[in-house]
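Q: Shown below is the structure under consideration.
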Amino acid sequence: MLASQYRPQEIEKQAHLEWEASGAHRAMEVPGKPKYYCLSMFPYPSGKLHMGHVRNYTIGDVLTRYHRMRGYNVLQPMGWDAFGLPAENAAMANGVPPAKWTYDNIAYMKKQLKSLGFAIDWERELATCKPSYYRWNQWLFLRMLEKGIVYKKTGVVNWDPVDQTVLANEQVIDGRGWRTGVMVEKREIPMYYMRITDYSEELLAALDTLPGWPDRVKTMQANWIGKSHGVNIGFPYTLDGKRQVLRVFTTRVDTLMGVTFCAVAAEHPLASAAAKDNSKLAAFVDECKRGSVMEADLAQMEKKGMATGLFVAHPLTGKQIEVWVGNYVLMSYGEGAVMGVPGHDERDFAFAKKYGLAIEQVIEVAGKPYCMAAWQEWYADYGVCVNSGKYDGMDFDRSVDAIATDLKAVGLGEKQTTWRLRDWGISRQRYWGTPIPLIHCAGCGDVPVPDDQLPVVLPEDCVPDGSGNPLNKRAEFVNCACPKCGKPARRETDTMDTFVDSSWYYSRYACADNNQSMVDDRVKYWLPVDQYIGGIEHAILHLLYSRFWTRVMRNLGLLQFDEPFTNLLTQGMVLNEIFFRKTGEGRSTYFNPADVDVRVDEKGARTAATLKSDGLPVESAGIGTMSKSKNNGVDPQALIERCGADTARFFMMFAAPPEQTLEWSDSGVEGAYRFLRRLWRFGADRHDAISKGIKGTAHCSKLSENQAAARREVHLVLKQANYDFSKFQFNTVASAGMKILNALERLPESETTVNTEGFSILLRLLCPLTPHVCFHLWSALGYGKNVFSAAWPEPEARALEQDEMELVLQISGKTRGSIRVPSQATREQIEVLAHRSPLAMKYIVGQNVKKVVVVPGRLVNIVI
RNA sequence: GCCGGGAUGGCGGAAUUGGUAGACGCACGGGACUCAAAAUCCCGCGCCCUUAAAAGCGUGAGGGUUCGAGUCCCUCUCCCGGCACCA
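Numbering (the numbering used here), first residue to last: 592 to 1455.
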């Protein structure tokens, strides 16, 4: 018997018990059975789940359950990206060690994930902050060190001079330290790097082997790697009596004859040399070195520069060219120096205009006038060389070849391929991360920790206070013996970038219990990941580092594949409304949408919003991602407790397609809940009839016209829904479920045959989305024991057949109505029927028919 | 600034390849049931003119290709994601 009322809490709890008892979500290696590894990006244990998690893991769970029903052996694991800055911030705020805070959060969030009914194999759970995981970070780091993939060099960091600490970019606000408020400085410190640039070519080329990745992600990665072809040019000069060469890289050597200055980065050796006895320049160079290291900030800074007083010679004409220091020149790209061609480059133009430097046209584009006199014209288009001596009249390709040849002849340049991608600096001057397994010895230098001393265990009871890395204050951690000479030595206290942790965790899930090796043979069975799901914000860094790391492991013989993620789904963000009031000092107070009343007019359009507590108006700042700072988050817990996990899941899937942003809506949730109540009631009302009814296919021949029409509709919607499933369009799958229920509800209750079949289709179609209610109804109505072992529903061709079909009738491209024609009608017959239809007559009598377009199954267009 | 993406009723969204724009849901309006409320059910719902029908307009803005454009091309505006130490 079925209770008349839908009580999600009860049936969900019961379902969880049954699934747990039967081990329904365990994934075991079954040789020969097709496997499907479905992975969602693991969460950072920030405290409690947010809606972005719920969305991400619901998408993953829908795919997991769908593929199980399709006969795959599916693995869906879960773990914790447990190292990172927020734990240290929480420690500073509450005095709790990051470890305790992290483990408490994991326990709570795990409970929440379980309450959502995800088909996760919890036996494979991992947390990156556990020595059993990060020891393999350390182990692989040492292998990379041996192979020369890891190396040491200096890198630039944000330095807070008051707290005497390195700041993350996130901790720099408007160029100042977040806690001290003082201007941040750039500081160079020694760091360890991974040679991801050794893999530039492969990482770029292999994007073509990833048809299952969204094009936008592949484009972003390709642009990030940034392969460009150009020429490396030398501008000779003499300094301290020695002949030297200033090297620049350009992709536009065709504009070489238009160079009117050169500009170098503040960190460039030439800038330092010139600043030595020029205090004004030294001050300017210092100024450039202050402020944030973020590229976005640098690129938006006002272009500033100062002449060095040094001159270099044009490599082909010998003309003297002044060298400037420019804050828009990045030391990290190319040679840290550029040739200035203000006539044909936007940034050079802005710079030249500001400092009154010469602008010369050396490229002409047909049909595009160049108005030098106005001093506001430049263009970067490709064209033909002019004012360029022997190169005049040459197009881009020819001039590049000619100029490169001439440069080579004088030993001042050759063609070069340059990459935008930089090596990956992994050192972090922070506590809550994987210790870098090195020991610094006065006599032996940097000594790797021997494998048998791994893992280097991070003490779990430190409490950071914002002034540097607490590991430095731990004598028992820092002081150690040199593994080579045995003398007292100093342990490295830098930890690894947390992107290291997330670069290979997907492999570890296959063998999380192995404490003898990083990976084992089970990886061969499960990997690569068939479907990876996560936020679009990870499109570049995390995914690129993972692709790199996979190749490193492959080259060490640990993995047998090139690409870790065969298919990628990038999910959109979850947004909510933002309400605020301005307070005195121009600051804003934000109010949670749950505390705001919104009034509407008789058409449903919004008229006003007021705060519930005081009834006074609040302002709307539109919609934005759910965040603490905008106070617009919705706690999934309250929702689950009130409406159940199925409602939360169904709303998430219905409100928007997975890749798009999703806007939160309380009434939308209410609608989802209403639908599930209707679904339940349909089953409860027809319980007796359906449980006694004949299961299986309803036979067309025995059906009335009414029944056949309803059945046709169900199968038609199913056909579309199956297509949508294959495209991961879960929002239209959800709406297909609603359409099927609408169709079945329109049928009289006595139509048991069609109802029984239709409802079984509906339950199977929806069970990946709302597993609990479908699981319960399926067995309660006697369809079988377990809906997840049932066959996936397929539309029946015979159910879709019909004698007549409707075609749209257009007159000269304007839709005027529709006509009915026999399904088998030929193009000619359709044309005749269309002409004879009263609707067409009305428009074509007395007109000259120029042309008739017939699109089979769609429309007829009579052009007059 | 650079790279990537987006824009469709009051709202979320739908519309396989160019072929009836607005499926499905929310909100809103009207009605039924009820002592009443909640729940539930029925009807309506892009804009404009209108008693109604018909016509006209309509997918961010402007232009183009086509018998036909939300969908393809060009130009522009606004919004969102990333920019290497947030994860």
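Idealized CB from N, CA, C, for every residue including glycine.
In angstroms with no decimal places, state the Cα-to-Cα distance between residue 1345 and residue 1314.
A: 23 Å
Q: Determine the burial state of residue 1221: buried for a count of at least 16 other Cβ atoms within 10 Å of its Cβ, exposed for fewer.
A: Buried: at least 16 other Cβ atoms inside 10 Å.
Q: Tell me the residue span of the beta strand (DSSP E) that contains residue 1199.
A: 1197-1202
Q: Where do the N-terminal and C-terminal ends of the beta strand (DSSP E) with residue 930 fall, by residue?
A: Looking at the DSSP string, the run of the beta strand (DSSP E) that includes residue 930 is 928-931.
Q: Roughly how many angstroms lie between the CA atoms of residue 1195 and residue 694, to the nearest whole one?
A: It is roughly 47 Å from the alpha-carbon of residue 1195 to the alpha-carbon of residue 694.
Q: Just to confirm, is the Cβ distance from residue 1103 to residue 717 under 7 Å?
A: yes
Q: Determine the extent of the alpha helix (DSSP H) in which residue 1362 is found, giving its start and end residues.
A: 1362-1371
Q: Using the C-alpha atoms, what's the distance from residue 983 back to residue 844?
A: 14 Å
Q: How is residue 679 classed by DSSP in three states: helix, strand or coil?
A: helix
Q: If you draw a straight line from the C-alpha of residue 909 to the C-alpha of residue 972, how long is it?
A: 27 Å
Q: Less than 7 Å between the beta carbons of residue 841 and residue 782, yes or no?
A: no
Q: So if DSSP puts residue 596 in a beta bridge, which residue, or which two residues, is it bridged to?
A: In the DSSP output, where bridge partners are listed per residue, residue 596 has none listed.
Q: So what does DSSP say about residue 1117, is it helix, strand or coil?
A: Reduced to three states, the DSSP call for residue 1117 is helix.
Q: Enumerate in chain order the residues of its own chain whose CB-to-CB distance from residue 819 is below 8 Å, with the five nearest sequence positions on each side excluded.
A: Within the same chain, residue 819 has close Cβ partners 842, 1008, 1009, 1010 and 1011.
Q: Once you ignore the five residues that flank residue 663 on each side, which residues in its own chain have a CB closer than 8 Å to its CB?
A: 624, 625, 626 and 627
Q: Around the Cβ of residue 1446, are there at least 16 other Cβ atoms within 10 angstroms (buried) or fewer (exposed)?
A: exposed
Q: Work out the CA separation of residue 745 and residue 838 for me, nearest whole Å.
A: Whole-angstrom Cα-Cα distance: 21 Å.
Q: Pick out the complete beta strand (DSSP E) segments inside the stretch 1097-1177, 3 residues or longer, and give them in chain order.
A: Here the runs fully enclosed are 1120-1126, 1156-1162 and 1165-1173.
Q: Is it the case that the stretch 1262-1274 contacts the stretch 1231-1251, given that we only count it when at least three CB pairs across the two stretches are under 8 Å?
A: yes
Q: Ordered along the chain, which non-local residues of its own chain (more than five positions away) have a Cβ less than 8 Å from that of residue 966?
A: With a pLDDT of 44 at residue 966, under the threshold of 50, the modelled position of this residue cannot be trusted, and the question is left open.
Q: Compare the Cα-Cα distances from residue 891 to each of 870, 941, 859 and 866 and report the closest residue.
A: 941
Q: Is residue 745 helix, strand or coil by DSSP?
A: strand
Q: Taking the CB atoms as reference points, tell me whether residue 970 and residue 903 lie closer together than 7 Å.
A: For residue 970 and residue 903, no; Cβs fall outside 7 Å.
Q: By the DSSP assignment, the alpha helix (DSSP H) with residue 693 in it spans what residues?
A: 689-706
Q: Once DSSP output is grouped into helix, strand and coil, what is the label at residue 1384?
A: Residue 1384 carries a coil assignment under DSSP once its states are collapsed to helix, strand and coil.
Q: Tell me the residue span of the alpha helix (DSSP H) that contains residue 735.
A: Segment 722-738, the alpha helix (DSSP H) holding residue 735.
Q: Do residue 653 and residue 1360 have their C-beta atoms within less than 7 Å of each other?
A: Yes, Cβ-Cβ distance for residue 653 and residue 1360 is below 7 Å.
Q: In whole angstroms, what is the alpha-carbon distance linking residue 1293 and residue 1299?
A: Straight across, the Cα-Cα distance linking residue 1293 with residue 1299 is about 9 Å.
Q: Note down the Cα distance separating residue 1048 from residue 752, rounded to an integer number of angstroms.
A: 30 Å
Q: Counting beta carbon pairs with one atom in the stretch 1371-1380 and one in the stretch 1322-1337, are three or more of them shorter than 8 Å?
A: Under the Cβ criterion (8 Å, minimum of three pairs), the stretch 1322-1337 does not count as touching the stretch 1371-1380.
Q: DSSP state of residue 1212, grouped into three classes?
A: Residue 1212 falls in the strand class under three-state DSSP.
Q: Taking residue 1160 as the reference, which of 1124, 1037 and 1192 has the closest Cα?
A: Comparing C-alpha distances from residue 1160 to each of 1124, 1037 and 1192 shows the shortest one belongs to 1124.
Q: Near residue 964, which residues of its chain fall below 7 Å by C-beta distance, leaving aside the five closest residues on each side in sequence?
A: Legend: pLDDT at residue 964 = 44, less than 50; position of this residue unreliable, value from coordinates given subsequently. Taken in chain order, the list of residues that qualify is empty.
Q: Tell me the rounded alpha-carbon separation between residue 976 and residue 915.
A: 26 Å
Q: In whole angstroms, give me the CA-to-CA distance for residue 933 and residue 872.
A: So the two alpha carbons sit approximately 23 Å from each other.
Q: Hey, how far is the Cα of residue 1384 from the Cα of residue 1364?
A: 18 Å
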